[in-house]
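S.K.: My questions will all concern the structure given below.
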Amino acid sequence: MLKKVAVFFSLMTAFSFQSFGQAGVTAVPFLQIAPDSRSSGFGEGGVAMSGRDPNTIFWNPAALYRVEEIMVAITHANWLPQLTGDLFYDYLAVTYPLGEDLGTLGMHVTYLNLGENVRTSETNQELGRFFSWEGAVGISYGFPINEDWSFGTGARFIYSRLSPVPTAGERGEGIASGFGVDLATEWHPKNLMIDAIGMDFSNKVRLGVSLSNIGPKMTYIDEDQADPLPTNFRAGVAYRWFDDEYYSLETFAEFSKLMVAKKDSVTSYPVYQAVYKAWYKDGVGEELKKANYTIGGEFVYDKFVFLRMGYFHEDEKYGNRKFMTYGVGLVYSFLNFDFSYISAFEEAHPLEGTVRVSLGLNVDRL
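Residue numbers for the sequence shown follow the working numbering, beginning at 11 and rising by one.
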């Protein structure tokens, strides 16, 4: 019997993902892990702060068109260091520009190692050991519609291997696969003067919206109990306060919410219904409490040193994750280095001390 797997994976979903307060609601919640140290450094947001590197694929593929060089980005993180020592997360992303006004292609690979588990009998006798892991591979494309608007999309294949054998009394294996699609847009006005307040917002404001992981439910054992993908809606606004030869400062605010709605305690609505029912199923006010809110900023010196800070907020009833994030980045020649750290408000929180390290390679500058 896979008691350890069930308990352990419940802890995983309850403590580590943006579906925190709704643990067990979706399959493959690893798809919501912020993949890069840059965004993790300013609050785990980025739908309006993307377009600098290949990690744009995750946050807003519509901003990919602004990545005009062949680049490779790699992230590694030891996951939940306060809970266990054998979990880790890896992310690889690559961009390839197609030429002026044609946009940029992106490719990504995600891998979450869930460590070694012990299979036991009903009498707690050890029957064997196995490793659990989940992963995804996908492709994305972002292109400009005009000088102010861009659009992006992407698709990924998803694989989850929680257990190679069934639990007691059930058929099948704890293995599932599926696919998801992303849709996104970005508004970055080149000329925006509001005469009524006498302010010029040209090239200073960005609005980003994305809907990620749109796809059919995934089945491990019983099709009647299939779990939905973590379809996620994001909307954010970023503002660049100043940007001169040596200094720049940009801040943002972001809203994100799972587009998942339950019919009852067992089944959920299909994605084409959930994307609108998730806004009012339990009342608009209650549904908004299920959302996550992020604010953050990035200060840049000489396009060489990047300092970041952010705050992540989740309602007490739906997870109560509240933490500060800090990050630093360095760009030198063809190399980018980014580092981030989570400081949770709750003592001994499993996310406390989570460190992400990312390395970027600009192939065109070699």
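Glycine is no exception: its CB is placed at the ideal position from the N, C-alpha and C atoms.
Put residue 369 into one of helix, strand or coil per three-state DSSP.
M.R.: Indexing the sequence shown from 1 puts residue 369 at position 359. Here residue 369 carries a strand assignment [DSSP, helix/strand/coil].
S.K.: Compare the Cα-Cα distances from residue 374 to each of 80, 42, 35, 63 and report the closest residue.
M.R.: Numbered from 1 along the sequence shown, position 364 holds the residue referred to as residue 374. Of the listed residues, the one whose Cα sits closest to residue 374 is 80.
S.K.: Mind listing, in chain order, the continuous alpha helix (DSSP H) runs of no fewer than 4 residues lying wholly within the stretch 68-125?
M.R.: none
S.K.: Please report the distance separating the alpha-carbon of residue 216 from that of residue 204.
M.R.: As a first step, residue 216 is located in the sequence shown; it is residue number 206 there, counting from the start. As a first step, residue 204 is located in the sequence shown; it is residue number 194 there, counting from the start. Cα-Cα distance, rounded: 15 Å.
S.K.: So, at 6 Å on beta carbons, what are the nonlocal neighbours of residue 22 in its own chain, with the 5 sequence-adjacent residues on each side left out?
M.R.: Taking the sequence shown and counting its residues from 1, one reaches residue 22 at position 12. Because residue 22 carries a pLDDT of 46, less than 50, the predicted location of this residue cannot be relied on, and no value is offered for it.
S.K.: Using the C-alpha atoms, what's the distance from residue 50 back to residue 142?
M.R.: Translated into the one-based positions of the sequence shown, residue 142 becomes position 132. Translated into the one-based positions of the sequence shown, residue 50 becomes position 40. Distance between the alpha carbons of residue 142 and residue 50: 25 Å.
S.K.: For residue 251, does the count of other Cβ atoms within 10 angstroms reach 16, so buried, or fall short, so exposed?
M.R.: Within the sequence shown, numbered from 1, the residue matching residue 251 stands at position 241. Under this definition residue 251 is an exposed residue.
S.K.: Mark residue 237 as exposed unless 16 or more other C-beta atoms lie within 10 angstroms of its C-beta, in which case mark it buried.
M.R.: For the purposes of this step, residue 237 is taken as residue 227 along the sequence shown, with counting starting at 1. So residue 237 counts as buried.
S.K.: Work out the CA separation of residue 161 and residue 73 for me, nearest whole Å.
M.R.: What you label residue 73 is simply residue 63 of the sequence shown in a count that begins at 1. What you label residue 161 is simply residue 151 of the sequence shown in a count that begins at 1. About 8 Å.
S.K.: So does the stretch 225-239 actually touch the stretch 205-215, counting three or more Cβ pairs closer than 8 Å?
M.R.: no
S.K.: Which value, in whole angstroms, describes the spacing of the CA atoms of residue 191 and residue 339?
M.R.: By 1-based counting over the sequence shown, the position of residue 191 is 181. By 1-based counting over the sequence shown, the position of residue 339 is 329. Taking the straight line from one Cα to the other gives about 30 Å.
S.K.: Could you have a look at residue 239 and say whether DSSP puts it in helix, strand or coil?
M.R.: Taking the sequence shown and counting its residues from 1, one reaches residue 239 at position 229. Here residue 239 sits in coil by DSSP.
S.K.: In whole angstroms, give me the CA-to-CA distance for residue 38 and residue 184.
M.R.: To locate residue 38, count along the sequence shown from 1; it is residue 28. To locate residue 184, count along the sequence shown from 1; it is residue 174. Each residue's alpha carbon lies about 12 Å from the other.
S.K.: Use the C-beta contact count for residue 200: other C-beta atoms within 10 angstroms, 16 or more gives buried, fewer gives exposed.
M.R.: Taking the sequence shown and counting its residues from 1, the one referred to as residue 200 is at position 190. Exposed, because fewer than 16 other Cβ atoms sit within 10 Å of the Cβ of residue 200.
S.K.: What does residue 361 pair with, by DSSP beta-bridge criteria?
M.R.: Here residue 361 corresponds to residue number 351 of the sequence shown, with the count starting at 1. Answer is none; residue 361 lacks a bridge partner.
S.K.: For residue 154, which residues does DSSP report across the bridge?
M.R.: Counted from its first residue, the sequence shown places residue 154 at position 144. Bridge partners of residue 154: 160.
S.K.: Helix, strand or coil: how does DSSP classify residue 295 here?
M.R.: The residue given as residue 295 occupies position 285 in the sequence shown. In the structure shown, residue 295 sits in a helix (DSSP, three-state: H, G or I).
S.K.: For my contact list, residue 85 and residue 101 are in at a C-beta cut-off of 8 Å; report their separation, rounded to the angstrom.
M.R.: Counting from 1 along the sequence shown, the entry for residue 85 is found at position 75. Counting from 1 along the sequence shown, the entry for residue 101 is found at position 91. With 8 Å as the limit, residue 85 and residue 101 qualify as a contact, their Cβ atoms being about 4 Å apart.
S.K.: May I ask which residues mark the beginning and end of the alpha helix (DSSP H) holding residue 282?
M.R.: Taking the sequence shown and counting its residues from 1, the one referred to as residue 282 is at position 272. Start and end: 281-287.
S.K.: Are the beta-carbon atoms belonging to residue 103 and residue 87 less than 8 Å from one another?
M.R.: The count along the sequence shown starts at 1 and reaches residue 103 at position 93. The count along the sequence shown starts at 1 and reaches residue 87 at position 77. Taking 8 Å as the Cβ cut-off, residue 103 and residue 87 do not qualify as a contacting pair.
S.K.: Tell me whether the stretch 304-317 and the stretch 279-287 touch, counting them as touching only if at least three CB pairs, one residue from each stretch, are closer than 8 Å.
M.R.: no
S.K.: Rounded to a whole number of angstroms, what is the C-alpha to C-alpha distance between residue 140 and residue 170?
M.R.: In the sequence shown, residue 140 corresponds to position 130, counting from 1. In the sequence shown, residue 170 corresponds to position 160, counting from 1. Roughly 14 Å separates the two Cα atoms.
S.K.: So, with DSSP's three-state summary, where would you put residue 267?
M.R.: Looking up residue 267 in the sequence shown gives position 257. In the structure shown, residue 267 sits in a strand (DSSP, three-state: E or B).
S.K.: In or out: residue 54 buried (at least 16 other Cβ within 10 Å) or exposed?
M.R.: By 1-based counting over the sequence shown, the position of residue 54 is 44. Residue 54 comes out buried.
S.K.: For the beta strand (DSSP E) containing residue 62, list its first residue and its last residue.
M.R.: Residue 62 sits at position 52 when you count from the first residue of the sequence shown. Looking at the DSSP string, residue 62 is not in any beta strand (DSSP E), and its letter there is neither H nor E.
S.K.: Would you mind reading off the limits of the alpha helix (DSSP H) that contains residue 50?
M.R.: Along the sequence shown, read from residue 1 onward, the residue named residue 50 stands at position 40. Segment 47-51, the alpha helix (DSSP H) holding residue 50.
S.K.: Just to confirm before moving on: does the CB-CB distance between residue 71 and residue 145 stay below 8 Å?
M.R.: By 1-based counting over the sequence shown, the position of residue 71 is 61. By 1-based counting over the sequence shown, the position of residue 145 is 135. For residue 71 and residue 145, no; Cβs fall outside 8 Å.
S.K.: Compute the distance between the beta-carbons of residue 242 and residue 209, then report whether it is under 8 Å.
M.R.: Within the sequence shown, residue 242 is the residue found at index 232, counting from 1. Within the sequence shown, residue 209 is the residue found at index 199, counting from 1. No.
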